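Scroll down for the structure; my scribbles are underneath it.
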Amino acid sequence: MSQSSFNPLASILKDNKLSGPNYVDWKRNLNIVLTADNYKYVLTTPCPAVPPANANARQREEYEKWQKANEMSKCYILASMSNVLQHRHQNFATATEIMENLQEMFGEQNRAKRQIAMKNLMSTKMAEGTPVREHILKMIDYINELEILGAVIDANSQVDAVLQSLPESFNQFKLNYNMNNMQLSLSELMNSLQQAEDLVKKQPSVMISENVNEHKPKGKGKFNKGKKFSIGGPRGGIKKPTKAGKANGKGNCFHCGKPNHWKRNCRVYLASLKKDNKEGVSDEKKVE
Numbered sequence: 001m002s003q004s005s006f007n008p009l010a011s012i013l014k015d016n017k018l019s020g021p022n023y024v025d026w027k028r029n030l031n032i033v034l035t036a037d038n039y040k041y042v043l044t045t046p047c048p049a050v051p052p053a054n055a056n057a058r059q060r061e062e063y064e065k066w067q068k069a070n071e072m073s074k075c076y077i078l079a080s081m082s083n084v085l086q087h088r089h090q091n092f093a094t095a096t097e098i099m100e101n102l103q104e105m106f107g108e109q110n111r112a113k114r115q116i117a118m119k120n121l122m123s124t125k126m127a128e129g130t131p132v133r134e135h136i137l138k139m140i141d142y143i144n145e146l147e148i149l150g151a152v153i154d155a156n157s158q159v160d161a162v163l164q165s166l167p168e169s170f171n172q173f174k175l176n177y178n179m180n181n182m183q184l185s186l187s188e189l190m191n192s193l194q195q196a197e198d199l200v201k202k203q204p205s206v207m208i209s210e211n212v213n214e215h216k217p218k219g220k221g222k223f224n225k226g227k228k229f230s231i232g233g234p235r236g237g238i239k240k241p242t243k244a245g246k247a248n249g250k251g252n253c254f255h256c257g258k259p260n261h262w263k264r265n266c267r268v269y270l271a272s273l274k275k276d277n278k279e280g281v282s283d284e285k286k287v288e
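For the sequence shown, UniProt numbering gives the first residue as 1, with consecutive numbering after it.
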């Protein structure tokens, strides 16, 4: 196989060959190269069955494609190892078998790193008002690090971890996501969250107004809208003191004894004044 058949990115593997302690960095570089060449799928996808003699063209194509990807992956892996590790793994049939054996050899020493990465993933919270894109990229980096260290996190759990790290301003987005049973990849989720972020930025005054109304004290200042008040005050002569100590209601008239008006407005009293036609007559009793 000619040198030109290899991805130019393979130089990062050549410059950082696997020796043991650098397993995490080496695996990260390997994943970059295999992803760029569309070979990484062979590490998680079993080999198709050998097509029978009467197999159709599609079955043969799938089998041959997997075999080529497997051979190229093995070449990248073996070429980026120390001589000792090459001799130990050169007879393995698949790239998956090589990676599993390397995980057994060097993965255990990364347990502490994996615990730290998991703690970072679960404890990281996005601060209100900070760019959502930067936060999501940070979370994706933690997830990738965990996978490199051997942790297995399914796609739904990855999305759940990201959603739980969002601030309250994204509560409506999370509610819609769950109620509509949405299924997004991390890249799609980041794009959707950026769109939601733009909407949140356009509606700050609405959110502030709602918060103010929720905490506005009742019973102070102007009358509450829609609340009815009786002009005549409480019945039965009961007077409710105001802040100034005055009566809200008018009580019973001192002249006729009927409620809800004062003597100076009493029709009976005014009629008697007109009948007597006496000038200079004034109230002898002070209106309370």
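Every residue gets a Cβ at the ideal spot worked out from N, C-alpha and C, and that includes glycine. As the structure is a prediction and not an experimental result, all values here were calculated from the model.
Discussion item. Applying the 10 Å Cβ sphere with the 16-neighbour rule, what's the burial state of Tyr142?
Written reply: Position 142 of the sequence shown holds residue 142. It counts as buried.
Fill in: C-alpha gap between Gln195 and Ser80, whole angstroms
As a position in the sequence shown, residue 195 is number 195, starting the count at 1. As a position in the sequence shown, residue 80 is number 80, starting the count at 1. Distance between the alpha carbons of Gln195 and Ser80: 42 Å.
Practice prompt. Determine the DSSP secondary structure at Met182, reduced to helix, strand or coil.
Written response: Residue mapping note: residue 182 aligns to position 182 of the sequence shown, counting from 1. Note: Met182 maps to coil in three-state DSSP.
Item to complete: Taking Glu128 as part of the alpha helix (DSSP H), name the residues at either end of that continuous run.
Response: For the purposes of this step, residue 128 is taken as residue 128 along the sequence shown, with counting starting at 1. Annotation: Glu128 is outside any alpha helix (DSSP H) and is labelled neither H nor E by DSSP.
Fill in: DSSP three-state assignment for Leu18, whether helix, strand or coil
Mapped onto the sequence shown, residue 18 falls at position 18. DSSP places Leu18 in strand when its eight states are reduced to three.
Worksheet entry | Per-residue burial, residue 293 [other beta carbons within 10 Å of its own, 16 or more giving buried] | Look at the range of the chain in this structure, 1 to 288, and you will see that residue 293 is not part of it.
Worksheet item: Looking at the unbroken alpha helix (DSSP H) that takes in Val42, where does it start and where does it end?
Response: Sequence index remark: in the sequence shown, residue 42 carries index 42 (1-based). Taken as a continuous stretch (DSSP letters only), Val42 belongs to no alpha helix (DSSP H), as it is neither H nor E.
Worksheet item: Taking C-beta to C-beta, are Thr124 and Ser165 nearer than 7 Å?
Response: Translated into positions along the sequence shown, residue 124 becomes position 124. Translated into positions along the sequence shown, residue 165 becomes position 165. Taking a C-beta distance under 7 Å as the contact criterion, Thr124 and Ser165 qualify as a contact pair.
Fill in: Contacts around Thr34, its chain only, beta-carbon distance under 7 Å, and the 5 residues preceding and following it disregarded
Looking up residue 34 in the sequence shown gives position 34. Reading off the sequence, residue 34 comes out as Leu, not Thr. So the qualifying residues of the chain are Lys40, Ser73, Tyr76.
Worksheet item: Which same chain residues, not among the five before or five after Ile148, have their C-beta less than 8 Å away from its C-beta?
Response: To locate residue 148, count along the sequence shown from 1; it is residue 148. Excluding residues within five positions, the ones whose Cβ falls inside 8 Å are Val24, Lys27, Arg28, Asn31.
Worksheet entry | The alpha helix (DSSP H) enclosing Phe106, as first and last residue numbers | The sequence position of residue 106 within the sequence shown is 106, counting from 1. In the DSSP annotation of this structure, the continuous segment of the alpha helix (DSSP H) that includes Phe106 starts and ends at 95 to 106.
Practice prompt. Label Ala112 either buried or exposed according to how many other C-beta atoms from any shown protein chain fall within 10 Å of its C-beta, with 16 as the threshold for buried.
Written response: As a working mapping, residue 112 is identified with position 112 in the sequence shown. Exposed.
Practice prompt. Whole angstroms is fine: what's the gap from Lys173's alpha carbon to Lys201's?
Written response: Within the sequence shown, residue 173 is the residue found at index 173, counting from 1. Within the sequence shown, residue 201 is the residue found at index 201, counting from 1. Residue identity check: residue 173 is Phe in the sequence provided, not Lys. Whole-angstrom Cα-Cα distance: 14 Å.
Discussion item. For the region 12 to 24 against the region 60 to 71, do three or more pairs of beta-carbon atoms, one drawn from each stretch, fall closer than 8 Å, so that the two count as touching?
Written reply: The region 12 to 24, when compared against the region 60 to 71, does not touch it at the 8 Å Cβ threshold.
Practice prompt. Under 8 Å Cβ to Cβ from Leu146, same chain only, skipping five residues before and after it: list those, please.
Written response: Locating residue 146 in the sequence shown gives position 146, where the first residue counts as 1. Counting only Cβ-Cβ distances below 8 Å, and skipping sequence neighbours, we find Arg114, Ala117, Met118, Leu121, Ile153.
Practice prompt. Would you give the residue range spanned by the alpha helix (DSSP H) that Cys253 belongs to?
Written response: One-based indexing of the sequence shown puts residue 253 at position 253. It is not in any alpha helix (DSSP H) - Cys253 carries neither H nor E in the DSSP assignment.
Worksheet item: Is it true that the CB of Val42 sits closer than 7 Å to the CB of Ala95?
Response: If you number the sequence shown from 1, residue 95 lands on position 95. If you number the sequence shown from 1, residue 42 lands on position 42. In contact: Ala95 and Val42 (Cβ atoms closer than 7 Å).
Fill in: Terminal residues of the alpha helix (DSSP H) in which Asn70 lies
Numbered from its first residue, the sequence shown carries residue 70 at position 70. Start and end: 57 to 79.
Fill in: For Pro259, the residue or residues it bridges with in DSSP
Locating residue 259 in the sequence shown gives position 259, counting from the first residue. Looking at the DSSP assignment, Pro259 forms a beta bridge with Asn252.
Item to complete: Could you pull out every residue in the same chain whose Cβ sits closer than 7 Å to the Cβ of Ser169, ignoring the five residues on either side in sequence?
Response: One-based indexing of the sequence shown puts residue 169 at position 169. Sequence-distant Cβ neighbours of Ser169 in its own chain, meaning closer than 7 Å and more than five residues away, are Glu128, Val200.
Discussion item. For a test of the three-state rule: what should DSSP assign to Gln86, helix, strand or coil?
Written reply: Here residue 86 refers to the residue found at position 86 of the sequence shown. In this structure, DSSP gives Gln86 a helical state, which the three-state scheme calls helix.
Worksheet item: Lys243: buried (16+ other C-beta within 10 angstroms of its C-beta) or exposed?
Response: Position 243 of the sequence shown, counting from 1, holds the residue named residue 243. Interpretation of Lys243 is limited by its pLDDT of 45, a score under 50 that renders its predicted location unreliable; no figure is taken from the coordinates.
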